[in-house]
Each structure stands twice: as C-alpha cells, then as structure tokens.
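One structure below.
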Amino acid sequence: MKGSVANDREQKFYGSTTVGERGQIVIPAEARRDLKITPSTKLLVFSGPGGETLIITRAESMAEYIAHAKGLMAQMEEIIKKEERGK
Numbered sequence: 230m231k232g233s234v235a236n237d238r239e240q241k242f243y244g245s246t247t248v249g250e251r252g253q254i255v256i257p258a259e260a261r262r263d264l265k266i267t268p269s270t271k272l273l274v275f276s277g278p279g280g281e282t283l284i285i286t287r288a289e290s291m292a293e294y295i296a297h298a299k300g301l302m303a304q305m306e307e308i309i310k311k312e313e314r315g316k
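Heads up: the sequence shown begins at 230 in the working numbering, then just goes up one per residue.
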C-alpha cells in the first residue's frame, strides 16, 4: 500500500509495543532501521485527533514540514494579494 506522504514511502505496520513501568516504549528494530532512528535521534510526541492517538515524528522531519508549509503560505498570500489588486 502506498502512503500519502510527499515522498510516497510505503506505509508499514511494525508490530506492537507495551508501555513499561516507567512509561517507556520500545520502537521495533525494523522501524528503527527503516526510519534511521538511532539512540541520539530526537523525536516529538503529539496527541492526535480526539486525544486518543499518539503521533511520534522525527524532530527534523517536523522542522522540514514547517519550513515547507511556510513557503506554501507565502505563495498563497501572494496569490491573494494579486487577486485583491485585480478587483
């Protein structure tokens, strides 16, 4: 199954994990390998829609996404300004 992310990576199910006594989880080895997660990798943790979902992403991926989104917003602002000047 193909994903909907920009680079169209294949989405995978890596298995399950259990929260330990200290609130820690283990990321499956295959996921760590595929996603290049090492002991020094910084991850961000968010709640998802409805507060029942946990989203974990690489910090640098989020920074890249935000930079891309800012660029798109600037383009949209320019389009809106042009349309307003044309009225």
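Positions of the beta carbon are idealized from the N, C-alpha and C atoms, including for glycine.
Within 8 Å, strictly: CB atoms of residue i and residue j
| i | j | result |
| --- | --- | --- |
| L264 | A288 | no |
| T282 | S276 | yes |
Which of helix, strand or coil DSSP assigns to residue i
| i | result |
| --- | --- |
| I308 | helix |
| L264 | coil |
| E281 | coil |
Rounded C-alpha distance that separates residue i from residue j
| i | j | result |
| --- | --- | --- |
| T286 | Y294 | 11 Å |
| M302 | K241 | 31 Å |
| S269 | E259 | 17 Å |
| Q304 | E239 | 29 Å |
| G252 | K299 | 35 Å |
| E250 | I256 | 16 Å |
| Y243 | R261 | 10 Å |
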